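If you're matching positions, the sequence shown starts at 11 in the working numbering and goes up one per residue. Ideal Cβ positions, reconstructed from N, Cα and C, are used throughout, including at glycine. Here the structure is a predicted model, which means the values were calculated and not measured.
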Amino acid sequence: MTVIDIAEVRKTRRRQVLDTALIRFGETSACCVVRNLSERGAALDVGSQAGIPDQFTLIVVSEKKIYSCSVIWRKNRRIGVAFY
């Protein structure tokens with residue numbers, strides 16, 4: 011049996027971070043924590059996934075950057091997103 015490290019499958023290297031961010035959709039915002047980040051996507055910790063749509067804007071406060079995101083996966087309180 012071959013074991014594949016998920017980090018090897020990713021097209022770009024993600025770096026571990028712990029940044030506060032806002033998920034913005036319509037007139038609604040939700041706080042989240044960015045756990046890892048690359049030029050193509052991120053993993054976000056959220057309080058609850060209820061109501062968070064499959065596409066939204068992510069505002070990373072410390073980096074003063076805004077990303078358009080598409081949800082790739084959801085698991086418990088974590089969301090994986092790709093930037094577009």
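For the pair the stretch 21 to 31 and the stretch 57 to 67, tell me if three or more CB-CB distances fall below 8 angstroms. no
Which value, in whole angstroms, describes the spacing of the CA atoms of Glu73 and Lys85? Within the sequence shown, numbered from 1, the residue matching residue 73 stands at position 63. Within the sequence shown, numbered from 1, the residue matching residue 85 stands at position 75. The alpha-carbon atoms of Glu73 and Lys85 are separated by roughly 25 angstroms.
Output needed for Ala31: all residues of its chain with C-beta closer than 8 angstroms, excluding positions within five of it in sequence on either side, in chain order. Along the sequence shown, one-based indexing puts residue 31 at 21. Taken in chain order, the residues that qualify are Cys41, Cys42, Val43, Val44, Leu54, Leu68, Ile69, Val70 and Val71.
Among Arg50, Tyr77, Pro63 and Ser80, which has the Cα closest to the Cα of Phe35? Residue 35 sits at position 25 when you count from the first residue of the sequence shown. That would be Pro63, whose Cα lies nearest to the Cα of Phe35.
Count the other C-beta atoms from every protein chain shown that fall within 10 angstroms of the C-beta of Ile89, then say buried if there are 16 or more, exposed otherwise. Along the sequence shown, one-based indexing puts residue 89 at 79. It is buried - the Cβ of Ile89 has at least 16 other Cβ atoms within 10 Å.
For Asn46, the residue or residues it bridges with in DSSP: Here residue 46 corresponds to residue number 36 of the sequence shown, with the count starting at 1. DSSP, once it has assigned bridges, lists Gln26 and Ala53 as partnering Asn46.
8 angstroms CB neighbourhood of Val27 in its chain, flanking five on each side removed: In the sequence shown, counting from the first residue as 1, residue 27 sits at position 17. Once the five neighbours on either side are set aside, the close Cβ partners of Val27 are Val44, Arg45, Asn46 and Leu47.
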